[in-house]
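Residue numbers (the UniProt record's numbering): 1 to 105. Beta carbons are placed, not taken as given, at the ideal position from N, Cα and C, and that holds for glycine. Take a look at the structure below.
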Amino acid sequence: SPESNLVKLSDDPQLVLSVNEIENFAETNEKLAQLESINQILTDEKELLQEELKQLHEMKESETQAKTYIDELERTIETFKFQIADLQSKTNQWNEKETFYKQQI
């Protein structure tokens with residue numbers, strides 16, 4: 001009979017559900033639990049990816065700072081090379097003058 005498919009939840013006639021409605025409710029609850037689990041996994045993965053992205057940005061910032069420092073060192077080295085070449089040239093000139101003056105004596 002159609003009434004055998006109904007479940008009476010209380011004396012209230014409006015609180016009568018069909019077995020099909022109860023099964024649908026149970027399936028919906030199960031799917032909700034699955035979706036909440038998936039959502040938690042995705043939330044955890046998102047947090048992990050955000051942390052990795054933050055670390056990547058920090059590493060890139062460090063890399064940029066290191067490159068800037070290396071560029072400054074290379075410019076300093078070039079300046080020193082120029083100064084050394086200038087000193088060598090002046091030393092050679094001084095040695096030539098010294099030799100010339102010694103010959104004059």
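Extent of the continuous alpha helix (DSSP H) to which residue 38 belongs: For the purposes of this step, residue 38 is taken as residue 38 along the sequence shown, with counting starting at 1. Segment 19-104, the alpha helix (DSSP H) holding residue 38.
Skipping 5 residues on each side, what residues in its chain have a beta carbon closer than 7 Å to that of residue 1? For the purposes of this step, residue 1 is taken as residue 1 along the sequence shown, with counting starting at 1. In this prediction, residue 1 has a pLDDT of 45, which is less than 50 and means its spatial position is unreliable; nothing more can be read from the coordinates.
Nearest-angstrom Cα distance between residue 87 and residue 104? Translated into the one-based positions of the sequence shown, residue 87 becomes position 87. Translated into the one-based positions of the sequence shown, residue 104 becomes position 104. Computed Cα separation, rounded: 25 Å.
Whole-angstrom distance between residue 21 and residue 60, CA atom to CA atom: On the sequence shown, position 60 is the one that residue 60 refers to. On the sequence shown, position 21 is the one that residue 21 refers to. Each residue's Cα considered, the two are about 57 Å apart.
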